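Visitor: Quick note, the sequences are listed as chains H and W, same order. So the number in this note's numbering is just where the residue sits in the first sequence, counting from 1, plus 38. So the number in this note's numbering is just where the residue sits in the second sequence, counting from 1, plus 38. This is the structure I have questions about; it appears just below.
There are 2 protein chains.
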Amino acid sequence: MKPKPRQLYEARAKVAKALAHPSRLLILDALAEKEMCVCDLTDLVGADQSTVSKHLAVLKNAGIVADRKEGVMIFYSLKVACLRGFWSCVEGVLKQNLKEQQAVMRSS
Amino acid sequence: MKPKPRQLYEARAKVAKALAHPSRLLILDALAEKEMCVCDLTDLVGADQSTVSKHLAVLKNAGIVADRKEGVMIFYSLKVACLRGFWSCVEGVLKQNLKEQQAVMRSS
DNA sequence: CACATCCATGGCAACATGGCCATGGAGGCA
DNA sequence: TGCCTCCATGGCCATGTTGCCATGGATGTG
C-alpha cells in the first residue's frame, strides 16, 4: 500500500468536519426526506436564522448539499446519497461502546 | 419518519468530530493495515509524541480504535470495519466538487 | 415607490481544539 | 536498586468554532 498524500487526508477531514455538529446532522437528516428552505430549517433547528445560514454554508462548501433559488426563498437539498449507510455503521460502534460500558458496570 | 432525539445527533457528531483531523485520518489508514504502537504512529505522523497520544485518546474515546498493552508498549488497532466504504463515498463528493469547479472555470 | 419577507454576512464574545514542552508513571533490564 | 524506553497528562498559547445581534441585499406585493 503506497502512502497517500497528506492532501487527501486534509480533503477528507474537511468533509468530516462539516459533519461534526449536531445541528448540521439534524439538517442533513431532514434534507434526506425532502428539500427545505432556510426558514423551515431554522424552525427545525431552533437557533437563530443567521446561525442556521452559516451551518448551511459549511455543508454547501463541503459539497454535501446543493441550493436552489425560487423567488425569495432558497431551497437546500441533499447532494450525497451515501450517508445513511455510514451512520448505520457509526450506530453499530456506539452500541458496541454501550455494551462494553455495561460489561464494566456488571463486573464491578 | 419520526423525529430523532437530539442526543442521537450529538453522539453521531462526536464520532464525526473524531474523524475531523488529517493526522487522525492518517493514523486510521495505517491501522487499517495492522496494529501499531504509539512510537510507530509518532514516526508516521511526524508530530510530538504527546500530540499523537492525544489524537489516539480522541479516537479511543469515540470507540473507533482499541488499545492493547504488551510490555512497555501499547498497540492500537482499528475497531471499525466500515470506514473504507464511507471514504469512497466522500471521495465521490470531492471528485464531484472538482468537476463543478472545472465547469465554472470553462464557462468564464 | 414603500414595505414586507427571506436570506447572507460581518462583528464580537465564549468556548473548544491542536500544538509543543515538561513531567511522571509503568514496565523491562542489568 | 538504578536506568532506560514507552506512553499519558497537565500547562500554556495560538487558532478555530459557535452562538447571537445587527445590518443589508434581493425579491415579491400593494
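Quick reminder that beta carbons are idealized off the backbone N, C-alpha and C, glycines included. These numbers come from a predicted model, not from an experiment.
For H:Val-128 and W:Val-53, which I take to be in contact (beta-carbon distance under 8 Å), what is that distance rounded to the nearest angstrom?
Guide: Correct: roughly 5 Å between the Cβ atoms.
Visitor: Rounding to the nearest angstrom, what Cα-Cα distance links W:Glu-108 and W:Val-83 in this structure?
Guide: For W:Glu-108 and W:Val-83, the distance between alpha carbons rounds to 22 Å.
Visitor: For H:Asp-86, which of helix, strand or coil comes out of DSSP?
Guide: Residue state, collapsed to three classes: coil.
Visitor: Under 7 Å Cβ-Cβ, which residues of chain W neighbour H:Tyr-47?
Guide: Correct list: Pro-60, Leu-63, Leu-64.
Visitor: Taking three-plus beta-carbon pairs below 8 Å as touching, is the stretch 77-93 of chain W in contact with the stretch 44-52 of chain W?
Guide: Short answer: they don't touch.
Visitor: Please state whether the Cβ-Cβ distance between H:Lys-117 and H:Gly-101 is less than 8 Å.
Guide: Yes. Within cutoff.
Visitor: Could you work out which residues of chain W lie near H:Arg-106, taking near to mean beta carbons separated by less than 7 Å?
Guide: None at all; the shortest Cβ gap to chain W is about 14 Å.
Visitor: Could you give the first and the last residue of the continuous beta strand (DSSP E) run that contains W:Glu-108?
Guide: That run of the beta strand (DSSP E) goes 103-108.
Visitor: For W:Asp-105 and W:Ser-115, I'd like the C-alpha separation in whole angstroms.
Guide: Distance between the alpha carbons of W:Asp-105 and W:Ser-115: 6 Å.
Visitor: In chain W, which residues lie with their C-beta within 8 Å of the C-beta of H:Asp-67?
Guide: Near H:Asp-67 (Cβ distances below 8 Å), the residues of chain W are Lys-42, Tyr-47.
Visitor: Using a Cβ-Cβ cut-off of 8 Å, state whether W:Val-96 counts as contacting chain H.
Guide: For W:Val-96, the answer is no, since every Cβ of chain H falls outside 8 Å of its Cβ.
Visitor: Spatial neighbours of H:Met-74 within its chain, please: CB distance less than 7 Å, with the 5 preceding and 5 following residues excluded, ordered by chain position.
Guide: Within the same chain, H:Met-74 has close Cβ partners Ala-68, Phe-113, Tyr-114.
Visitor: Could you name the residues of the same chain whose beta carbon sits closer than 8 Å to that of W:Leu-64, not counting the 5 residues immediately before and after it, in chain order?
Guide: Excluding residues within five positions, the ones whose Cβ falls inside 8 Å are Leu-82, Val-83.
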